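Numbering (this note's numbering), first residue to last: 275 to 638. C-beta atoms are modelled at their ideal positions from N, C-alpha and C, and glycine is treated no differently. All values derive from a computational prediction rather than experimental measurement. Heads up, the thing below is written out as structure tokens.
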Ligand code: IPM
Ligand code: MG
């Protein structure tokens with residue numbers, strides 16, 4: 275009997291709906307081949323939810339996510355909602371989803387694909403072979419610490435405040451994911467902090483160092499975040515797995531993504547302990563090309579593969595999708611963002627159709 279999964283779809287804004295449609299078609303194809311059954315429920319988040327309900331994360335959306343086996347998210351945000359008060363902004367919906375599902379671990383791979391090496395702005399010899407996993411803490415740090423807000427001072431000035439805070443428990447649980455991820459990869463973990471200045475970072479460094487005693491098979495190093503940024507563009511191959519806090523992870527994962535030159539290719543997974551994971555592309559909602567069939571759906575499709583692997587424990591189906599993506603690139607098909615001379619231009623739907631053809635052809 276087919277294994278049944280409830281999948282919540284959050285198409286969101288901008289190019290979100292179009293890349294989601296293509297990805298659902300890919301998942302339906304995979305379902306037939308691996309005897310899986312997906313029950314898809316699509317609910318609004320971000321700007322789409324603001325337009326429908328006035329809130330970026332309606333209670334029903336969070337509830338539907340909680341009651342599913344995995345959540346596939348596309349992208350949120352757009353010019354239209356940029357000037358709303360913070361509690362009504364699309365980004366607030368995304369942060370609410372992360373904290374509402376306690377998704378404290380964000381895995382962001384940045385792998386350079388040989389087929390796309392020319393898409394990088396860095397020299398091929400610098401980026402060839404880059405394979406980094408950024409493990410970003412996602413529900414703590416300066417994004418969520420209290421106090422936060424804009425307050426009036428005694429002199430009548432305004433004072434904006436955010437607080438970077440981590441408890442030892444929060445550090446330990448993400449450090450554990452960092453060490454375990456490194457164990458499954460190249461065995462090297464680099465913890466990134468700002469311990470030369472920040473007390474919260476000193477605690478971070480102390481806890482990570484202490485935990486390393488339990489992982490003698492992992493080679494641990496520490497870098498200050500400014501140096502880490504520099505090393506990432508200077509010699510990215512020195513990195514295997516990086517573990518860091520919420521804001522440093524936000525910044526470094528974008529830098530790592532850009533090494534590959536193709537942010538349109540990168541998936542991510544956000545995982546907690548007792549809730550379904552959320553799987554989403556690293557790129558944003560690209561409102562400038564929305565609705566024009568120009569978007570690259572491959573990061574969304576690879577996010578579906580991450581969902582199969584990390585969320586549903588279907589590694590073979592995941593692998594099949596990942597192989598098919600490489601085959602499509604080998605065949606020379608490219609969306610605009612990864613186009614290079616001599617390749618065959620396709621749109622979002624066209625890319626999906628070719629991928630499905632590859633999936634349906636006998637495995638080579
Ligand atoms: C990301 C994004 C989000 C973040 C924004 C949209 C809230 O930049 O997922 O990296 O800062 O976490
Ligand atoms: Mg970011």
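Hey, which unbroken runs of the alpha helix (DSSP H) at 4 residues or more fall wholly within the stretch 557–596?
-> Uninterrupted alpha helix (DSSP H) stretches at least 4 residues long and entirely within the stretch 557–596 occur at 572–580, given in chain order.
Taking Cβ to Cβ, would you say residue 474 is nearer than 8 Å to residue 438?
-> With respect to the 8 Å criterion, residue 474 and residue 438 are classified as neighbours on the basis of their beta carbons.
Going by the CB atoms, is the gap between residue 518 and residue 526 shorter than 8 Å?
-> Result yes, Cβ atoms of residue 526 and residue 518 sit closer than 8 Å.
Looking at C-alpha atoms only, which residue of 469, 284 and 300 is the closest neighbour of residue 632?
-> The shortest Cα separation from residue 632 among 469, 284 and 300 belongs to 300.
Any idea what DSSP makes of residue 542, helix, strand or coil?
-> DSSP places residue 542 in strand when its eight states are reduced to three.
Using 7 Å as the cut-off, classify the Cβ of residue 562 as near or not near the heavy atoms of the ligand MG, replying yes or no.
-> Distances taken from the Cβ of residue 562 to the heavy atoms of the ligand MG include none shorter than 7 Å.
Can you give me the start and stop residues for the alpha helix (DSSP H) that residue 401 sits inside?
-> Note, residue 401: alpha helix (DSSP H), 398–401.
In terms of residues, what are the limits of the alpha helix (DSSP H) holding residue 299?
-> Unbroken alpha helix (DSSP H) run through residue 299: 290–308.
Grab me the residues of residue 457's own chain with a C-beta within less than 8 Å of its C-beta, minus the 5 sequence neighbours each way, in chain order.
-> Residues of the same chain with a CB within less than 8 Å of the CB of residue 457, apart from the 5 flanking positions on each side, are 489, 491 and 492 in chain order.
Cα-Cα, which of 297, 316 and 399 is closest to residue 280?
-> Just measuring C-alpha positions, the residue of 297, 316 and 399 sitting nearest residue 280 is 316.
Closest to residue 386 by CA distance: which of 302, 593, 293 and 407 is it?
-> Nearest option by C-alpha distance: 407.
Contacting residues, own chain, Cβ-Cβ under 8 Å from residue 240 (five flanking each side not counted) = In this structure the chain extends from 275 to 638, so residue 240 is not present and cannot be described.
Flag residue 600 as yes when its Cβ comes closer than 7 Å to any non-hydrogen atom of the ligand IPM, and as no otherwise.
-> A distance criterion of 7 Å places the beta-carbon of residue 600 beyond contact range of the ligand IPM, judged by its closest non-hydrogen atom.
Report back the beta-carbon spacing between residue 570 and residue 516 to the nearest angstrom; my notes put them in contact at under 8 Å.
-> Not really, about 25 Å apart at Cβ, beyond 8 Å.
Taking the runs of the alpha helix (DSSP H) that are 4 residues or longer, which of them lie wholly in the stretch 473–511?
-> Taking only runs of at least 4 residues, the alpha helix (DSSP H) segments lying wholly in the stretch 473–511 are 473–485 and 499–508.
Cβ-heavy atom distance between residue 368 and the ligand COA below 7 Å?
-> For the ligand COA, the structure offers nothing, since it holds only the ligand IPM and the ligand MG.
Please report the Cβ distance between residue 531 and residue 384, rounded to the nearest whole angstrom; I am assuming they are in contact, meaning their Cβ atoms lie under 8 Å.
-> Contact holds; Cβ gap of about 5 Å.
What first and last residue would you give for the alpha helix (DSSP H) that runs through residue 286?
-> That residue, residue 286, is in no alpha helix (DSSP H); its beta strand (DSSP E) goes 277–286.
Closer than 8 Å to chain B by CB, residue 506 | Among the protein chains of the structure shown there is no chain B, as only one such chain exists.
Based on the DSSP output, what are the partners of residue 405 in its beta bridges?
-> When beta bridges are read from the DSSP output, residue 405 appears opposite 385.
Whether residue 410 touches residue 445 by CB criterion (8 Å) = Against a cut-off of 8 Å, the Cβ pair of residue 445 and residue 410 comes out as no contact.
On the three-pair Cβ rule with 8 Å, is the stretch 600–607 touching the stretch 386–396?
-> Contact between the stretch 600–607 and the stretch 386–396 is present, with at least three C-beta pairs closer than 8 Å.
To which residues of the same chain is residue 308 closer than 6 Å at the C-beta, ignoring the five residues directly before and after it?
-> If you ignore the 5 residues before and after residue 308, its C-beta comes within less than 6 Å of the C-beta of 591, all in its own chain and listed in chain order.
Excluding the 5 residues preceding and the 5 following residue 420 in the sequence, name in chain order all residues of the same chain whose CB lies nearer than 8 Å to its CB.
-> 437 and 439.
Using only the heavy atoms of the ligand MG, determine whether one of them is closer than 7 Å to the beta carbon of residue 528.
-> Yes, the beta carbon of residue 528 sits closer than 7 Å to at least one heavy atom of the ligand MG.
In chain order, what residues of the same chain lie with their CB nearer than 6 Å to the CB of residue 303, ignoring the 5 residues before and after it?
-> Counting only residues of its own chain and dropping the five nearest sequence neighbours on each side, residue 303 has a CB closer than 6 Å to the CB of 630 and 633.
Leaving out five residues on either side along the sequence, give the residues of the same chain with a beta carbon under 7 Å from the beta carbon of residue 286.
-> Taken in chain order, the residues that qualify are 319, 320, 322, 347, 348, 349, 350 and 559.
Is residue 434 buried or exposed, if buried means 16 or more other CB atoms sit within 10 Å of its CB?
-> By the C-beta density criterion, residue 434 is exposed, having fewer than 16 other C-beta atoms within 10 angstroms.
Based on the DSSP secondary-structure assignment, which residues constitute the bridge partners of residue 433?
-> Residue 433 pairs with 425.
Ends of the alpha helix (DSSP H) at residue 633?
-> Residues 622–634.
Using DSSP with H/G/I as helix, E/B as strand and the rest coil, what is residue 368?
-> In the structure shown, residue 368 falls within a helical segment according to DSSP collapsed to helix, strand and coil.
Exposed or buried, residue 495, counting other C-beta atoms within 10 Å across all chains shown (16 or more means buried)?
-> Counting every other CB atom within 10 Å of its CB across the protein chains shown gives residue 495 a total below 16, marking it as exposed.
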